[in-house]
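Chains R and U supply the protein sequences, listed in that same order.
Okay, so the first sequence: first residue is 7 according to my numbering, each after it adds one.
Okay, so the second sequence: first residue is 110 according to my numbering, each after it adds one.
C-beta: ideal position from N, C-alpha, C; glycine also.
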Amino acid sequence: MTTTETPASPASAGHGEVNYLNHEYGIKSWLLTLDHKRIGILYLITTTMFFALGGLFAGLIRLELMTPEGDLFQADTYNKLFTMHGVAMIFFFLIPSVPAVLGNFVLPLMIGAKDVAFPRLNLLSWYCYITGGTLASFAIVAGGVDTGWTFYTPYSSTYSTGFVSVALMGVFINGFSSILTGVNFLTTVHKMRAPGMTWFRLPLFIWAHYATSLMMILGTPVVAITLLLVALENMFGLGIFNPELGGDPILMQHLFWFYSHPAVYIMIVPGFGVISEVIACFSRKAIFGYSFVAFSSLAIALLGFLVWGHHMFTTGQSIYAGMVFSFITFFIAVPTAVKIFNWTATMYRGSIDLKSPLMYALGFIGLFLIGGLTGTFLSTLAMDIHLHDTYFVVSHFHYVMVGGMVMAYLSGLHFWWPKMMGRMYNEAWAMTGAVLIFLGFNLTFFPQFVLGYLGMPRRYHVYPEEFQILHVASTGGATVLGLGYMVLFVCLVWSLFKGAKAGPNPWTAKGLEWEIESPPTPHNFHETPIVTSEPYAYEEEDVLLADKGSH
Amino acid sequence: MSKDFSLHPELASTFALQIDLLYFLLVAISVFFTVAIVAVIIFFVIKYRRKSDDERPKPIHGSLPLELAWSIIPFFICMGVFTLGADMFFRMYRAPADALNVYVVGKQWMWKVQHPEGKREINELHVPINTPIRLTMTSEDVIHAFSIPAFRTKRDVVPGRYNTMWFEATKVGEYDLFCAEYCGTQHSTMIGRVVVMEEQDYQNWLGGGAAGESMVEAGMRHFEQLGCATCHKSQSGGRGPTLTGVYGEPVQLASGEVVVADEAYIRESILRPTSSIVNGYQPIMPTFQGQISEETLLQLITYIKSLSEAAK
Chain R
7 MTTTETPASP ASAGHGEVNY LNHEYGIKSW LLTLDHKRIG ILYLITTTMF FALGGLFAGL
67 IRLELMTPEG DLFQADTYNK LFTMHGVAMI FFFLIPSVPA VLGNFVLPLM IGAKDVAFPR
127 LNLLSWYCYI TGGTLASFAI VAGGVDTGWT FYTPYSSTYS TGFVSVALMG VFINGFSSIL
187 TGVNFLTTVH KMRAPGMTWF RLPLFIWAHY ATSLMMILGT PVVAITLLLV ALENMFGLGI
247 FNPELGGDPI LMQHLFWFYS HPAVYIMIVP GFGVISEVIA CFSRKAIFGY SFVAFSSLAI
307 ALLGFLVWGH HMFTTGQSIY AGMVFSFITF FIAVPTAVKI FNWTATMYRG SIDLKSPLMY
367 ALGFIGLFLI GGLTGTFLST LAMDIHLHDT YFVVSHFHYV MVGGMVMAYL SGLHFWWPKM
427 MGRMYNEAWA MTGAVLIFLG FNLTFFPQFV LGYLGMPRRY HVYPEEFQIL HVASTGGATV
487 LGLGYMVLFV CLVWSLFKGA KAGPNPWTAK GLEWEIESPP TPHNFHETPI VTSEPYAYEE
547 EDVLLADKGS H
Chain U
110 MSKDFSLHPE LASTFALQID LLYFLLVAIS VFFTVAIVAV IIFFVIKYRR KSDDERPKPI
170 HGSLPLELAW SIIPFFICMG VFTLGADMFF RMYRAPADAL NVYVVGKQWM WKVQHPEGKR
230 EINELHVPIN TPIRLTMTSE DVIHAFSIPA FRTKRDVVPG RYNTMWFEAT KVGEYDLFCA
290 EYCGTQHSTM IGRVVVMEEQ DYQNWLGGGA AGESMVEAGM RHFEQLGCAT CHKSQSGGRG
350 PTLTGVYGEP VQLASGEVVV ADEAYIRESI LRPTSSIVNG YQPIMPTFQG QISEETLLQL
410 ITYIKSLSEA AK
């Protein structure tokens with residue numbers, strides 16, 4: 007795929023020995039690092055902590071819902087649990103996971119750059135994340151927040167008694183982490199591509215991150231302003247959303263969803279990028295319809311800004327506005343369907359090796375399909391009236407976010423793990439984790455579609471007893487799901503100590519990141535690579551820059 | 110209220126069957142695509158599994174006809190479903206003119222219901238069968254949502270505005286009533302029941318118990334007590350505009366704007382009189398914000414509506 011201009015440099019002597027993990031030691035070398043790879047690892051550790059925290063809350067919620075009575079927790083405690091589950095998972099895990107962990111690590115490698123365009127901003131983004139996360143965690147410890155992750159007014163601004171303002175400030179500051187990452191990625195993709203890496207030679211992972219970065223930059227300021235306004239109303243009684251002070255509570259929903267709908271695409275589109283890479287690699291095929299897959303990401307990013315009102319069909323907004331929002335929402339189904347069909351077609355006449363990253367990616371397709379198709383139920387105006395604010399929505403959202411996004415993240419994590427850590431995990435255990443997660447997930451969330459159609463409202467601490475059997479099934483599934491995550495965690499951590507050396511390219515994958523050592527050296531490339539061929543050129547011979555550079 | 114487990118909620122309104130048909134259509138489409146795609150993927154994984162590590166399959170870069178086909182076909186399916194859903198939504202939105210009015214006020218954490226005849230209830234709603242019912246709803250505090258799964262309908266109940274919903278029950282019985290919008294600590298106990306009765310039973314129920322004044326009578330009493338009548342006389346010439354024949358008609362405001370005098374306008378004019386001064390009048394009316402309850406407001410509005418009905 008590439009050739010190098012100059013012969014080997016002496017700096018790279020000791021092939022495979024000096025890498026970004028071992029060239030410096032000590033806590034300071036990590037906390038003040040400007041290396042995109044180390045920042046990716048910092049994000050990996052911290053987002054995993056928030057995932058564990060959010061998962062713990064989810065487990066407690068499922069335990070409470072085993073019985074119709076509110077016998078395990080007080081109502082207030084239950085309300086705080088589901089709020090903090092949402093806040094931790096959405097703002098501190100899902101939004102940063104793929105871009106900030108995998109994107110930070112592999113985006114510069116994929117385009118042949120030594121780092122991102124603004125390494126100091128990149129570190130600052132992690133500090134924004136950590137500061138925001140600390141504030142949100144403080145809100146939990148200090149007394150909790152019970153508004154739901156949506157922070158709807160006037161409940162959040164006037165009636166709630168929890169530490170709403172602290173949590174809002176946490177999410178606000180965390181928003182800057184997203185914005186800085188977005189700015190960094192856009193600039194990096196524009197300015198730091200290696201010679202020969204034209205726009206249409208970019209891996210689809212890069213296209214997906216480009217689209218995501220646009221959304222982060224355009225959307226995040228709006229939610230930041232909104233949350234600031236809620237906090238101001240909460241602290242100083244400003245009349246913005248409270249009708250008693252002449253405000254409009256529905257205005258907050260408009261502003262909130264203007265960001266938060268694109269935010270679900272901020273979460274899922276980077277996942278699309280991962281899936282494209284993994285399917286191409288494990289089928290040894292170029293992505294079918296490359297430009298359609300690339301532009302569908304951009305189409306989703308743009309259309310995503312025009313559908314916020316589909317969260318508000320029951321609020322009493324104008325029926326004509328409802329029609330427009332419903333129409334555009336259906337329109338998004340098209341680029342989404344295009345992606346699914348193209349991924350499927352990529353596997354046609356491929357050479358398919360069903361390893362754990364592909365297993366997660368195929369799990370993603372199945373679950374995301376169900377998540378997407380149930381989304382059309384909710385965009386159908388009359389249907390949404392019955393389903394809105396029921397468990398059907400809860401289930402749809404989890405199919406997209408956990409079934410879709412978390413599976414995509416895990417697919418990417420398994421795919422690039424050997425590159426990041428230089429070691430292989432145990433394939434059999436990784437498969438076991440993937441299968442347990444897939445089965446546990448379906449058992450947890452499929453019954454919730456039925457619950458929702460039966461009319462079970464979301465955010466209910468106690469519920470009528472006819473719903474119990476489905477809740478018990480769901481809790482059973484959550485147990486299997488939790489076990490799957492444990493297996494996965496142990497399997498990956500184990501590999502750090504006992505895993506076999508991965509070598510530069512364990513999957514015989516194409517792409518610049520696979521042509522250098524695992525783990526990469528501090529500056530990634532010994533020489534600036536020059537790209538001479540198309541992406542996913544799986545029919546061509548394998549090239550290793552690392553070998554060329556060091557022998 | 111059925112306590113048995115079932116996979117399907119009861120059908121008890123004119124909407125229920127239509128919504129269910131739409132639902133089954135969507136389920137059929139979803140099952141078709143899910144099964145088809147998953148089957149193809151499983152087939153590919155088996156058929157094209159890697160047999161040797163040297164395999165370098167020939168690349169296939171795409172196909173424009175295929176791309177067009179799998180863009181256009183889903184698009185038309187989506188448009189079909191959109192049209193069905195939007196058409197149904199329009200019918201669910203517009204109450205028939207002859208619908209029976211019932212008024213609902215939500216508060217943390219109960220539903221307060223007033224019937225025009227004066228009967229009041231809490232966490233219960235009694236309605237006659239085969240009669241369109243129009244609910245006019247508001248909240249005293251945070252946002253709630255009035256949800257009746259057996260009728261397949263719900264609507265948010267928002268402070269500071271009147272939202273309406275309508276339905277026509279088709280089956281005598283008792284049905285779950287839920288608050289569907291998260292509203293704080295006791296959100297999950299803000300539940301109740303909707304009782305659908307035969308017309309005669311409903312009339313008996315309305316007449317039973319302590320027969321109080323009707324909503325119009327109560328509204329008239331407040332109108333006198335709060336001193337509204339001092340300025341808003343039944344003929345023109347008072348310090349404020351006359352309210353006879355105003356409801357539902359366009360009003361020319363001092364700002365030059367013309368608005369229709371609906372429930373929201375009357376509410377706004379009582380709570381924040383200076384926000385919409387009628388052309389030719391002075392901004393001298395005191396505010397009633399915080400001084401009268403949502404129920405009293407609804408009674409006043411019902412009374413002012415009745416002035417227009419009488420005039421016709």
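The stretch 478–497 of chain R and the stretch 429–437 of chain R touch, with no fewer than 3 CB-CB distances between them shorter than 8 Å. Identification of residues in the stretch 463–479 of chain R having a C-beta nearer than 7 Å to some C-beta of chain U yields Pro463, Arg465, Tyr466, His467, Val468, Tyr469, Pro470, Glu471, Glu472, Ile475, given in sequence order. 7 Å or more divides the Cβ of R:Gly310 from the Cβ of R:Val104. Restricted to the stretch 149–232 of chain R, not a single beta strand (DSSP E) segment is unbroken, complete and at least 3 residues in length. The C-alpha of R:Asn248 is placed about 25 Å away from the C-alpha of U:Ile393. Not flagged as an interface residue toward chain U: R:Glu433, since no C-beta distance is shorter than 7 Å. Between the C-alpha atoms of R:Ser385 and R:Leu379 there is a straight-line separation of about 10 Å.
For the pair U:Phe332 and U:Ala121, the CB atoms are not nearer than the 7 Å cut-off.
With fewer than 16 other Cβ atoms from the protein chains shown falling within 10 Å of its own Cβ, R:Tyr31 counts as exposed. Straight-line measurement puts the Cα of R:Tyr354 at about 48 Å from the Cα of R:Thr153. U:Ile410 and U:Glu372 have their C-alpha atoms some 7 Å from each other. Comparing alpha-carbon positions, the option among R:His215, R:Pro160, R:Phe178 lying closest to R:Gly252 turns out to be R:Pro160. Within the same chain, Arg429, Met430, Tyr431 come within 7 Å of R:Gly505 by CB-CB distance, once the 5 residues on both sides are set aside. At least one CB atom of chain U sits nearer than 7 Å to the CB of R:Asp395. At least one beta carbon of chain U lies nearer than 7 Å to the beta carbon of R:Ser332. Linking R:Leu66 to R:Thr481 through their CA atoms gives a straight-line distance of about 10 Å. Looking at U:Leu407, U:Val369, U:Tyr157, U:Gln223, the one whose alpha-carbon comes closest to that of U:Leu380 is U:Leu407. Between U:Ala278 and U:Val305 a beta carbon distance of about 4 Å is seen, short of the 8 Å cut, so the two are scored as contacting. Neighbours of U:Ser180 in chain R, taken as residues whose beta carbon is under 7 Å from its own, are Val340, Val344 in chain order. Under the 7 Å criterion on CB atoms, U:Phe198 is classed as interfacial with respect to chain R.
In this structure R:Tyr265 is in contact with R:Thr226, their Cβ atoms being roughly 7 Å apart against a cut-off of 8 Å. For R:Thr320, the secondary structure class from DSSP, reduced to helix, strand or coil, is coil.
In this structure, the CA atom of R:Ser362 is about 20 Å from the CA atom of R:Phe503. Pairing R:Leu261 with U:Val147, the inter-Cα distance amounts to about 38 Å.
In the assembly as shown, R:Ser35 is an exposed residue. Its beta-carbon has fewer than 16 other beta-carbons within 10 Å. Excluding residues up to 5 positions away in sequence, Arg348 lie with their Cβ nearer than 8 Å to the Cβ of U:Gln391 in the same chain. Ranked by Cα distance from R:Gln259, the first of R:Glu546, R:Gly315, R:Tyr466, R:Phe294 is R:Gly315. For U:Arg159, a Cβ of chain R is located within less than 7 Å of the residue's own Cβ. Annotated three-state conformation of U:Thr245 is strand, per DSSP. Under the DSSP definition of a beta bridge, R:His529 lacks any partner. For the pair R:Val195 and R:Ile212, the Cα-to-Cα distance works out to about 8 Å. The residues Ile186, Val190, in chain order, have a CB closer than 8 Å to that of U:Ile138 in the same chain once the five nearest residues on each side in sequence are set aside. Approximately 5 Å separates the beta-carbon atoms of R:Ala217 and R:Leu304; this is inside 8 Å, confirming the contact.
Per DSSP, reduced to three states, the secondary structure at U:Met394 is coil, with no helix or strand assignment. Within its own chain, the residues whose Cβ lies closer than 6 Å to the Cβ of U:Asn210, once the five positions on either side in sequence are excluded, are Pro225, Arg243, listed in chain order. Three or more pairs of CB atoms, one per stretch, sit closer than 8 Å, so the stretch 101–117 of chain R contacts the stretch 513–521 of chain R.
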